[in-house]
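Reading the sequence shown from the start, the letters are residues 240 to 867 in this note's numbering. Notes follow the structure.
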Amino acid sequence: MCGIAGILLKYPNPAASVHLKKMTTILAHRGPDGEETWSSQDNTVHLGHRRLSILDLSERGSQPMAYAGRYQIVHNGEVYNYSEIRDFLQAKGYQFSSRTDTEVMVAAYDFWKERCLQQFEGMFAFAIWDEKEKQLFAARDRFGEKPFYYYEDEENFVFASEMKALWKIGIDKTIDRKMLLNYLSMGHVQNCIDKEQTFYESIYSLPPAHYLTMNTVGVPSRIKRYWNINRENKIDISLPDASERFLFLLNNSVKYRLRSDVPLGTSLSGGIDSSAIAYTVKQFQQTSQDNGYSSSFRGEPLKTFSATFPGFERNEADYISQLSGELGITNYSTQPSMEELIRDFEKVCYHQEEPFQSSGIYAQFRVYALAREHNIKVLLDGQGADEILAGYPKYIHWYLQEVLSRHRIGSASDERKAFVRNGIPFLWDIKNIFAAFLPSHAAIQLEKKEYLRTIRQPDIDPDFIRSLRGREWEGIHKPIVTKLNDILYFNTMEMGLEELLRFADRNSMAHGREVRLPFLNHQLVEFIFSLPAQLKMHQGWTKFLLRHSMNHKLPDAITWRKEKVGFETPQKEWMKAPALQEYIQESRRKLVNAHILQRKVLDRQIVPSAAHDEQNSDWRYLCAAQFI
């Protein structure tokens, strides 16, 4: 886990090495354990790396790493199955001087070329320079756990793990005003149609599950997808067999993610996702001897890290305490406050680089800071489960629509009643019934609703909206949903998950911590997408397969929890405090002076909102103001 940077030039520039040094220096938080650079003999290729030592802590693990007298690689992330790939390549005659996954990756590229990506199980963003072919090959992991930003023009191609490294050497920081409008009106900074687009006009993101090749600076880079989920693949399987296969794949995924030469722990929210990960890690801890697992497995209790909010109605402390007691793990908790949020807000925004949806991001920021305090360098986390296993209540109406569209009226009615009995909030009315049989029409109507929501924001300056004429529909898209898998695919691969992964990457790397996500093993994800909808939602339960699989393993109070929380802060209460209201009003004023908001907003009372409230405009004003 590290920070990477690179500069490719059409013509040699004496200042390039100085610029590269600036880039690696500003990425120091991502890699506090070392810094190295490399330049080609003709001074047109420059690669830099900041190291966070996880595997092979010796100097042999330093990057940029040379291989076979031909390649140079810089790599951010982990390829968890590197040991198995290394064994295969050794049998083919390849030799290795380190115990790193990075060296295995570049050897795999030499053997398979771009097809090496099919072999990798992990999270990664890397770039390989092939001196013989004079070609750059760069790639990003399947789900977008690790970032890769770039800028290119006729004479330069520049890339880095974070945008601040690009800004540091003078690359333009102009905000994309349409992305700003979308954030202010809808709360997200993503364009699912153009996944290279970022919050800034001149900077692009390599999409997840894509690779990039470049032979000559000045010729546009070639970007190609290398993996996708087949959401049409279906298998006929019973619940017991599905549960057995699911647990096998999850256990295998966790096992791979325990490979580390530094202490390892887990995040723990009190929900079933992180609890399932903690339980699985604990099982390996009890049975493992030394099978390449983390040194934290050698006789010490598993350490977990949480954010709790005493007095808050959605405080997770009781669930965390119950699980910790039953599993015999050591939990450390941080209690973020409104005052601390104000104190740290600019720092969080600095690391995030783009606006974020709620103060829940701050809770996560503090959890990783806590892990650093206790010298835990690697954390496993439950992120991704909600998207692949249908964990959000918003998925319920999509599930019911699928059941209804198959003319199973009685089943749809029974399922709807079961969700009602469980007290899980969801929308269901005549519009959903029509949507079940007219999915294309429903998608068009939802797109129109989102479009009107952006151009009719009462607080937004009309001149600001008019300045975006011709771009009104940019970034607005709703999928045609005929089955539950369609919306799960949309949130996993097109819009939703990648943004959450960005939050986690920036928050963890701000403190030099590595986060590993077992639910995002691609074989596990492919299996889940092949299952029928009723194994994901059933009998009034979201994430049914996970709950069934964890039954009698976790406390019932966690396995069969009805409410969905997850890093939820008492944001509504915080926003009632005079100090935060003053901060919000100051932010409003800044947006007014920038001709983004209308002046009348200064006279409107601030509306406190919960962290996951869609009507979260005052929070968005607070956040957006930090980036203009």
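Note that beta-carbon positions come from the ideal geometry of N, C-alpha and C, so glycine has one too.
It is roughly 16 Å from the alpha-carbon of Thr781 to the alpha-carbon of Asn730.
Under the DSSP assignment, Asp369 falls in the beta strand (DSSP E) whose first and last residues are 361–369.
For Leu445, the secondary structure class from DSSP, reduced to helix, strand or coil, is coil. Assigned with DSSP and collapsed to three states, Ile476 falls in coil, not helix or strand.
Distance from the CA of Ser747 to the CA of Phe595, rounded to the nearest whole angstrom, comes to 15 Å.
The shortest CA-to-CA distance from Arg354 to any of Ser279, Gln524, Gln762, His449 is the one to His449. With the rule of 3 Cβ pairs closer than 8 Å, the stretch 596–605 counts as touching the stretch 565–576. Listed in chain order, the non-local C-beta contacts of Ala849 below 7 Å within the same chain comprise Gln810, Lys811, local neighbours out to five positions each way being set aside. A distance below 8 Å separates the beta carbons of Val318 and Asp340. Per DSSP, Gly316 is one residue of the beta strand (DSSP E) stretching across 310–318. DSSP places Phe584 outside any beta strand (DSSP E); the residue lies instead in the alpha helix (DSSP H), whose first and last residues are 577–591.
Less than 8 Å divides the Cβ of Glu384 from the Cβ of Met362.
Residues of the same chain with a CB within less than 6 Å of the CB of Tyr422, apart from the 5 flanking positions on each side, are Val428, Pro594 in chain order.
In terms of CA proximity to Arg379, Phe359 leads the group Phe359, Glu370, Lys373.
The beta carbon of Gln374 lies closer than 8 Å to those of Trp368, Thr452, Met453, Asn454 in the same chain, with the five residues before and after it left out. According to DSSP, Glu275 shares a beta bridge with His288. According to the DSSP assignment, Lys260 belongs to the alpha helix (DSSP H) that extends over 255–265.
Counting along the chain, Ile246 sits inside no alpha helix (DSSP H); it lies in the beta strand (DSSP E) bounded by residues 241–248. In this structure, DSSP gives Arg461 an extended state, which the three-state scheme calls strand.
DSSP places Thr731 within a helical segment (H, G or I) once states are collapsed to three. With respect to the 8 Å criterion, Ala517 and Leu562 are classified as neighbours on the basis of their beta carbons. Trp780 is bridged by DSSP to His777. In the structure shown, Gln374 falls within a strand segment according to DSSP collapsed to helix, strand and coil.
Close CB contacts of Arg655 within its chain, under the 7 Å cut and outside five residues either way in sequence, are with Leu639, Trp667 (chain order).
The beta carbon of Tyr495 lies closer than 7 Å to those of Tyr319, Asn320, Glu360 in the same chain, with the five residues before and after it left out. Secondary structure at Gln436: strand, using DSSP grouped into helix, strand and coil. DSSP assignment within the stretch 622–671 yields the following whole alpha helix (DSSP H) runs of 4 residues or more, N-terminal first: 624–628, 635–644, 648–660.
Cβ-Cβ distances below 7 Å link Gly662 to Lys801 in the same chain, with the five nearest sequence neighbours on each side left out; the list follows chain order.
Arg838 carries a helical assignment under DSSP once its states are collapsed to helix, strand and coil. For Leu619, the enclosing beta strand (DSSP E) covers residues 617–619. Counted as a single uninterrupted DSSP element, the beta strand (DSSP E) harbouring Val754 occupies residues 753–755.
Apart from the 5 residues on each side of it in sequence, Ala816 sits with its Cβ closer than 7 Å to the Cβ of Met577 in its chain, given in chain order. Looking at the backbone, the Cα of Ser545 and that of Lys521 are separated by about 17 Å. Using a 10 angstroms sphere on the CB of Val257, the tally of other CB atoms stays under 16, which defines it as exposed. Counting C-beta atoms within 10 angstroms of its own C-beta, Val659 has fewer than 16 neighbours from the protein chains shown and is therefore classed as exposed.
For Leu793, the secondary structure class from DSSP, reduced to helix, strand or coil, is strand.
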